[in-house]
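>
2 protein chains.
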Amino acid sequence: MHEQKEHLFLIFENLIRIKSECSCGIFSECTLSDITLKQIHYLKTIDQNKEVTFSRLAEITRNSKPTITEMINKLVRMECVYREPCQHDGRIAYIRLTGRGEMIARAEQKALEQVIERLMDSLDDQEINLLIEILKKVR
Amino acid sequence: MHEQKEHLFLIFENLIRIKSECSCGIFSECTLSDITLKQIHYLKTIDQNKEVTFSRLAEITRNSKPTITEMINKLVRMECVYREPCQHDGRIAYIRLTGRGEMIARAEQKALEQVIERLMDSLDDQEINLLIEILKKVR
DNA sequence: TACTAATTAGTTAGGGATTACCTAATAATA
DNA sequence: TATTATTAGGTAATCCCTAACTAATTAGTA
Numbered sequence: 004m005h006e007q008k009e010h011l012f013l014i015f016e017n018l019i020r021i022k023s024e025c026s027c028g029i030f031s032e033c034t035l036s037d038i039t040l041k042q043i044h045y046l047k048t049i050d051q052n053k054e055v056t057f058s059r060l061a062e063i064t065r066n067s068k069p070t071i072t073e074m075i076n077k078l079v080r081m082e083c084v085y086r087e088p089c090q091h092d093g094r095i096a097y098i099r100l101t102g103r104g105e106m107i108a109r110a111e112q113k114a115l116e117q118v119i120e121r122l123m124d125s126l127d128d129q130e131i132n133l134l135i136e137i138l139k140k141v142r
Numbered sequence: 004m005h006e007q008k009e010h011l012f013l014i015f016e017n018l019i020r021i022k023s024e025c026s027c028g029i030f031s032e033c034t035l036s037d038i039t040l041k042q043i044h045y046l047k048t049i050d051q052n053k054e055v056t057f058s059r060l061a062e063i064t065r066n067s068k069p070t071i072t073e074m075i076n077k078l079v080r081m082e083c084v085y086r087e088p089c090q091h092d093g094r095i096a097y098i099r100l101t102g103r104g105e106m107i108a109r110a111e112q113k114a115l116e117q118v119i120e121r122l123m124d125s126l127d128d129q130e131i132n133l134l135i136e137i138l139k140k141v142r
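Chains as they are written, first to last, in the working numbering: chain A, 4 to 142; chain B, 4 to 142.
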C-alpha cells in the first residue's frame, strides 16, 4: 500500500517534470523570461474571449479603460498582441494574439500535448488503451 | 490513434484540474491571495537550503543583504518565516519556515500527494499495479 | 434630408501604491 | 578589524486610478 503510493508519487513527479520541461521550452522559445502572472492572465483572457475589444476587456477584468490601454501597449511592445481595427466601426479595435501571445496563453495545454506525445511514443496500443481505461475511473 | 490522443488529453486535463483544485485549496487555507511569484520562490529556496542565514540567502539568490532583510521582514509579516538566532554566534540568525511557509513552499508536492490519494481511492490494487507498470515506461 | 447634439471607444496626462532591487552608513558581535 | 544584519534613502517597473481629450457614430430635430 505505502510502497504503491511511493511508486505513484515518483512516476507522477517524472511526468510533471517532463511537462514543466516542455512548458519551459515553450516560454524560452518566446524569449520572455520576465513576463508577469498578470500579463499571462491577460493573454489567457484575450485567448478565451473571441473578438475582444478594449472596453470589453476592461469589463471582463474589472479594470478601467486606461489600464487596458497601458497593458495592451506593453503587450504590443512584447509582441504578444496587436490591434485590428473594426471594418464597420472606426472607433473599435479588436485585440488579437500574435503567434507568440497564443503560445504563452496556451503554454499549459501545449506542454500537456507534448507529454501525451511522449507517452504515446513510449507505449504500445494496448498499453495506451489500458491506461485510458484505468485513468478514466479517477474522479 | 487520434482518438486515443484525444482521450488521453481529456483524462490528463481532468487529473491536472484535480491537482490545481488541491493546490488552490492549500493556498486558500493559507489565506494569502496576493502572494507574488518571487515570494514563493524565496520560500522554496529557504525550504531547500537547510540552516540558511541572511548572508547565505543573499548569496544564493544573488541579491544584496538589505534586499534579503526587506524580503524576510515582508515574509515575517505574512507569517511565512521567522528568525531563529544562532546559539553560538550572536550576529547570525537562521531563517526558518513557519507551518504556513512550508505549506506554500511545498504546495505542488502536497497537491500531487492529494491527487495520488484520490487515485488510490478510485482504483483497486490490481489497477494501481498495472498503472505503475505502464507509466514506468514513459521516459 | 442635413445638421447639430449626445454618446461611445479608445487615448493621454498625471498620479499613487506596491514590489523588488540598489549603495552607503551603522550597530552589534566575534 | 572583520563579519552579520539592519537602517536610511533612493530607483525602476508594474499595475492600478481619475479627469480630460479626440475621433467616430448615432439620435434628434429643424
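Even for Gly, the Cβ is constructed at its ideal location relative to N, Cα and C.
With distance defined between alpha-carbon atoms, name the residue in A:I14, A:H5, A:S23 and A:Q7 nearest to A:K113.
A:K113 has its Cα closest to that of A:S23, out of A:I14, A:H5, A:S23 and A:Q7.
> Does B:G102 pass the burial test, meaning 16 or more other C-beta atoms within 10 Å, or should it be called exposed?
Exposed: under 16 other Cβ atoms inside 10 Å.
> If contact is defined by three or more beta carbon pairs under 8 Å, each pair taking one atom from either stretch, is the stretch 6-19 of chain B in contact with the stretch 114-129 of chain A?
The answer is yes - the stretch 6-19 of chain B touches the stretch 114-129 of chain A, with three or more Cβ pairs under 8 Å.
> Runs of 4 residues minimum, wholly inside the stretch 56-119 of chain A: which ones carry the alpha helix (DSSP H) assignment?
Whole alpha helix (DSSP H) segments, 4+ residues: 57-64, 68-80 and 102-108.
> Please confirm if A:I107 has its CB atom under 8 Å from at least one CB of chain B.
So no, A:I107 is outside the interface.
> Against B:K140, what residues of chain A qualify as contacts under a CB-to-CB distance less than 7 Å, listed in chain order?
Correct list: S125 and L126.
> Which residues in chain A have a C-beta closer than 7 Å to the C-beta of B:R121? List them in chain order.
Those are V141, listed as they occur along chain A.
> Suppose the cutoff is 7 Å on Cβ atoms and the five residues either side in sequence are ignored; what does the same chain contact list for A:C25 look like?
Once the five neighbours on either side are set aside, the close Cβ partners of A:C25 are A114, Q117 and V118.
> Express the C-alpha separation of B:Q129 and A:I38 in angstroms, rounding to a whole number.
For A:I38 and B:Q129, the distance between alpha carbons rounds to 45 Å.
> Suppose the cutoff is 7 Å on Cβ atoms and the five residues either side in sequence are ignored; what does the same chain contact list for B:I43 look like?
Here the set comprises I107.
> With a 10 Å radius around its C-beta and 16 neighbouring C-beta atoms as the bar for buried, classify A:C83 as buried or exposed.
Under this definition A:C83 is a buried residue.
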